[in-house]
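Using the numbering used here, read the sequence shown as starting at 3 and increasing by one per residue.
Below is one structure, written out as C-alpha cells; the observations come after it.
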Amino acid sequence: MAKSNKDQDITLRIAQEPEADELLARSPLAALVGMLLDQQVPMEWAFSGPYTLAGRMGGDDLDAHEIAAYDPEAFAELFTAKPALHRYPGSMAKRVQQLCQYLVAEYEGDASAVWSDVSSGAELRKRLNALPGFGTQKAQIFLALLGKQFGVRPTGWRQAAGPYGEAGSRRSVADITGPESLAEVRAFKQQAKQAARTTKRTTAT
Numbered sequence: 003m004a005k006s007n008k009d010q011d012i013t014l015r016i017a018q019e020p021e022a023d024e025l026l027a028r029s030p031l032a033a034l035v036g037m038l039l040d041q042q043v044p045m046e047w048a049f050s051g052p053y054t055l056a057g058r059m060g061g062d063d064l065d066a067h068e069i070a071a072y073d074p075e076a077f078a079e080l081f082t083a084k085p086a087l088h089r090y091p092g093s094m095a096k097r098v099q100q101l102c103q104y105l106v107a108e109y110e111g112d113a114s115a116v117w118s119d120v121s122s123g124a125e126l127r128k129r130l131n132a133l134p135g136f137g138t139q140k141a142q143i144f145l146a147l148l149g150k151q152f153g154v155r156p157t158g159w160r161q162a163a164g165p166y167g168e169a170g171s172r173r174s175v176a177d178i179t180g181p182e183s184l185a186e187v188r189a190f191k192q193q194a195k196q197a198a199r200t201t202k203r204t205t206a207t
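See the structure below:
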C-alpha cells in the first residue's frame with residue numbers, strides 16, 4: 003500500500019466532496035491519479051475520480067500494485083461504468099494503469115517516494131515530468147500543489163513550478179481551497195483560453 007499523509011493533517015477542498023477530498027489528502031497515489039485525470043473535464047470531476055475508482059475496486063484507497071496488475075479490459079470497465087470517470091474513460095484507464103506500472107517499477111508502488119527524498123524543486127519537476135501522462139505543465143501544476151497544500155517544499159520549488167508556484171495566484175488546482183478560489187481559477191482558465199484563441203486568429207490572418 004502507498005504511504006499516506008495522515009500525519010500531516012492536510013485539509014483539501016479540490017473535489018468539493020468531503021469524502022473525495024479526504025482521500026486526496028491522505029493518499030499520495032489518489033492525488034497523482036486526480037492530477038492525471040485533470041484534462042478536458044471540470045477539475046472537481048477529475049479529482050473526485052480517485053474516490054469513485056477506489057469504491058468500484060472495493061476499497062477505501064488506491065493501490066499501485068493492484069492497479070498495475072489489473073486486467074486491462076476489466077480496469078477499463080471500472081472507468082466506463084456509469085457515471086463514467088472521465089470524458090475519455092477508456093484512454094484514461096490505460097493512462098492510470100501505465101502510471102501505476104511505472105510507480106511499481108521505479109518506486110516500489112509508493113507514490114510518495116516520487117517526492118519524499120528530493121533535494122531540489124528542479125529534481126522534483128524532473129521526476130514528475132518522467133511520470134506517464136505528465137507533461138511539463140501538469141508536472142509544474144502538481145509540484146505547485148505539493149508545495150502550496152501538502153507542505154512539500156524542496157529548495158527552489160516555486161521556481162520549478164513556474165507561474166503556478168507564485169504566491170497568491172489563481173492559475174490552477176494548486177490554488178483551490180474552496181468554492182470561491184475554484185471560481186477564480188476557472189475564470190482564469192477561461193480567460194487564458196480566450197486569449198489563446200484570439201492569438202491564434204491573429205496569427206492566422
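Cβ coordinates follow ideal geometry from the N, Cα and C atoms, glycine included.
Could you tell me the alpha carbon to alpha carbon distance between residue i and residue j, rounded to whole angstroms?
i, j, result
"Ala1", "Glu79", "Coverage of the chain is limited to positions 3 through 207, which leaves residue 1 absent and any answer about it impossible."
"Arg284", "Ser121", "Because the chain is modelled from 3 through 207, residue 284 falls outside the range shown and cannot be assessed."
"Phe136", "Ala22", "22 Å"
"Pro74", "Ala95", "8 Å"
"Lys8", "Leu25", "Caution is warranted here: a pLDDT of 43 is assigned to Lys8, below 50, making its placement in the model unreliable, and no coordinate value can be reported."
"Leu55", "Phe49", "11 Å"
"Lys195", "Thr201", "10 Å"
"Ala4", "Arg203", "For Ala4, the pLDDT reaches just 33, beneath the cut-off of 50, and the residue's location in the model is therefore unreliable, although a value from the coordinates is still provided. Their Cα atoms are separated by approximately 47 Å."
"Pro165", "Arg199", "20 Å"
"Trp47", "Tyr53", "11 Å"
"Glu19", "Leu184", "13 Å"
"Ala197", "Gly180", "26 Å"
"Leu130", "Gln192", "26 Å"
"Ala107", "Ala115", "12 Å"
"Asp11", "Ala27", "8 Å"
"Glu186", "Ala83", "32 Å"
"Tyr72", "Thr138", "28 Å"
"Phe190", "Ser171", "10 Å"
"Ser29", "Ala70", "17 Å"
"Ala141", "Gly158", "15 Å"
Taking 8 Å as the cut-off, decide whether the C-beta atoms of residue i and residue j are in contact.
i, j, result
"Ala169", "Leu145", "no"
"Arg97", "Leu38", "yes"
"Met45", "Val175", "yes"
"Gly92", "Phe77", "no"
"Ile143", "Arg15", "no"
"Gly149", "Arg160", "yes"
DSSP puts residue i in a beta bridge; with which residues?
i, result
"Ser93", "Per DSSP, none; premise fails for Ser93."
"Ser122", "Thr157"
*Which runs of the alpha helix (DSSP H) fall wholly inside the region 126-169 and span at least 4 residues, in chain order?*
138-151, 159-162
*If you pair each beta-carbon of the region 124-131 with each one of the region 78-94, do three or more pairs fall below 8 Å?*
no
*Between the region 98-116 and the region 24-35, are three or more C-beta pairs nearer than 8 Å?*
yes
*asked:* So, does the region 103-114 touch the region 51-67, judging by three or more C-beta pairs under 8 Å?
replied: By the Cβ test, the region 103-114 is in contact with the region 51-67, since at least three Cβ pairs between them sit closer than 8 Å.
_Any alpha helix (DSSP H) of 4 or more consecutive residues that is wholly inside the region 8-52_ = 20-28, 30-39
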